[in-house]
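Sequential numbering of the sequence shown, starting at 8, is according to our numbering.
Glycine included, each C-beta is placed from N, C-alpha and C at the ideal position.
Predicted model, so just to flag it, every value in this text is computed and none were measured.
What follows is a single structure, written as structure tokens, with notes after it.
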Amino acid sequence: MDAKAHRGVWLLRIEDIDPYRSDPQAADAIPRTLERFGLQWDEAVIRQSARLERYREVLEQLDRQGWVYACTCSRKQLAELGYGGERYPNLCRHLERPRSQPHSLRLITEDRPIAFRDRLQGEYSLNLQREGGDFILYRRDQAYAYHLAVVVDDHDQQINHIVRGVDLLDSTPRHIHLQRLLGYTTPQYLHLPVILAADGQKLSKQTGAEPVDRLDPSATLFSLLGMLGHAPPAELRKAEPAVLLAWAVDAWDAGRLPATQGIPGTPPR
């Protein structure tokens, strides 16, 4: 809705970069589900699994520029050293680890805050080195990291507005750091609240949430628009998805979105 309200294009990208977690059947179901709900994308569908060579090119560029180093630390080793959790203490940054043994490739971060203004969540700032440490671009299991893939894809697809879940808010400074190193333009960001289950967890396949029921798309859309501060008029409750979406595009106002981290409640299934 945000893209169409701004007379832009809306692109569909299948983020199947992780060969160990991606389910081909689930990936194939995404376009069908979107179509069932009247959501039609513009331009060709991009699959990250088909862009590995492009990611390799960019990773090699960063490596040549001296921003990447090999890290042989495993999660188990870090935990044994008392470095569990989200922060990596940059143990391998100044060591010449042989790349002939299992390793990941990490991007050097800087000891300064990276700040941006989110269109919904407001000002956000994160010092990557102090709060996250150098982060992985290429994993020990020979898979490219999401952070690298999504930044390259956004640039190559000329994305200038990104709307996504607030669970990715703290990833955005990492993406901006990469964009600056690569000379890419930083898009505008809007991070929406996620829908929470009764236990406070985000509804997702990782938390065991049930998939969206495609039998009654109108009811689901009607409910979701209400959760996003754009409740349709009662006479549209039984309207076709295309009618609901047309109303939503015309009524769209980002200022009406709830500026929270999560929305309690489950949409109808």
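Go ahead and pull the three-state DSSP assignment for residue i.
{"i": "GLN84", "result": "helix"}
{"i": "ALA255", "result": "helix"}
{"i": "ALA205", "result": "coil"}
{"i": "GLN195", "result": "strand"}
{"i": "PHE229", "result": "helix"}
{"i": "ALA36", "result": "helix"}
{"i": "ARG187", "result": "helix"}
{"i": "ALA51", "result": "coil"}
{"i": "TYR62", "result": "helix"}
{"i": "GLY15", "result": "coil"}
{"i": "ASP260", "result": "coil"}
{"i": "SER56", "result": "helix"}
{"i": "PRO271", "result": "strand"}
{"i": "VAL219", "result": "coil"}
{"i": "ALA156", "result": "helix"}
{"i": "SER211", "result": "coil"}
{"i": "SER132", "result": "strand"}
{"i": "ASP177", "result": "helix"}
{"i": "HIS168", "result": "strand"}
{"i": "ASP9", "result": "helix"}
Check this for me: beta carbons of residue i and residue j, under 8 Å apart or not?
{"i": "ASP23", "j": "VAL170", "result": "no"}
{"i": "GLY45", "j": "PRO218", "result": "no"}
{"i": "LEU102", "j": "ILE121", "result": "no"}
{"i": "LEU243", "j": "TRP254", "result": "yes"}
{"i": "HIS182", "j": "VAL159", "result": "no"}
{"i": "LEU232", "j": "PRO239", "result": "yes"}
{"i": "ILE53", "j": "ARG28", "result": "no"}
{"i": "THR179", "j": "TYR196", "result": "yes"}
{"i": "ASP161", "j": "PRO194", "result": "yes"}
{"i": "ALA150", "j": "ASP70", "result": "no"}
{"i": "PHE142", "j": "TYR131", "result": "no"}
Taking 7 Å as the cut-off, is the C-beta of residue i nearer than that to any heavy atom in the ligand SAM?
{"i": "SER178", "result": "The model depicted lacks the ligand SAM and carries no ligand whatsoever."}
Of the residues the options, which one's Cα is nearest the Cα of residue i?
{"i": "LEU98", "options": "LEU185, SER56, HIS198 and CYS78", "result": "CYS78"}
{"i": "GLY236", "options": "LEU252, ALA261, ALA246 and ALA249", "result": "ALA261"}
{"i": "GLN55", "options": "HIS154, ALA246, GLU103 and ILE121", "result": "HIS154"}
{"i": "LEU18", "options": "LEU243, GLU50, ALA226 and TRP259", "result": "GLU50"}
{"i": "LEU188", "options": "PRO38, VAL16 and GLU67", "result": "GLU67"}
{"i": "ASP136", "options": "ARG104, VAL16, HIS184 and THR116", "result": "Sequence inspection shows Gln at residue 136; the Asp mentioned does not correspond to that position. Residue THR116 is the option with its Cα nearest to GLN136."}
{"i": "ARG113", "options": "ARG100, ALA266, ARG119 and PRO105", "result": "ARG100"}
{"i": "ALA205", "options": "GLU60, LEU85, GLY272 and GLN84", "result": "GLY272"}
{"i": "GLN165", "options": "GLN186, ARG106 and VAL75", "result": "GLN186"}
{"i": "TYR76", "options": "GLN84, PRO105 and GLU64", "result": "PRO105"}
{"i": "ARG43", "options": "ARG61, GLU247 and TYR62", "result": "GLU247"}
{"i": "ARG14", "options": "HIS168, ASP118, GLN208 and ARG61", "result": "HIS168"}
{"i": "GLN268", "options": "PHE123, GLY207 and ALA33", "result": "GLY207"}
{"i": "ASP220", "options": "PRO31, ASP30, ARG39 and GLU130", "result": "ARG39"}
{"i": "ALA266", "options": "ALA36, TYR90, PRO200 and ALA86", "result": "PRO200"}
By Cβ distance, which residues of its chain are closer than 7 Å to residue i, with the 5 residues on each side in sequence left out?
{"i": "ARG94", "result": "GLU138, GLY139 and GLY140"}
{"i": "HIS198", "result": "ASP125, LEU127, GLN128, ARG171, GLY172, VAL173, LEU175 and LEU176"}
{"i": "HIS184", "result": "THR116, ILE121 and LEU135"}
Quick one: residues in its chain with C-beta nearer than 8 Å to the C-beta of residue i, no 5 flanking neighbours on either side, listed in chain order?
{"i": "ARG146", "result": "SER111 and ALA152"}
{"i": "LEU41", "result": "LEU19, GLN47 and TRP48"}
{"i": "GLN108", "result": "THR79"}
Considering only residues of the same chain and omitting the five flanking positions on each side of residue i, which have a CB-CB separation below 6 Å?
{"i": "ILE202", "result": "LEU210 and ILE270"}
{"i": "PRO275", "result": "Low local confidence applies: a pLDDT of 49 at PRO275 is under 50, so the model's placement there is unreliable, and no value is given."}
{"i": "TRP259", "result": "MET8 and ALA12"}
{"i": "MET234", "result": "ILE270"}
{"i": "ASP118", "result": "GLN136"}
{"i": "VAL16", "result": "ASP49"}
{"i": "ARG63", "result": "none"}
To the nearest whole angstrom, what separates the beta carbons of residue i and residue j, a pair I think is in contact under 8 Å?
{"i": "VAL256", "j": "ALA12", "result": "5 Å"}
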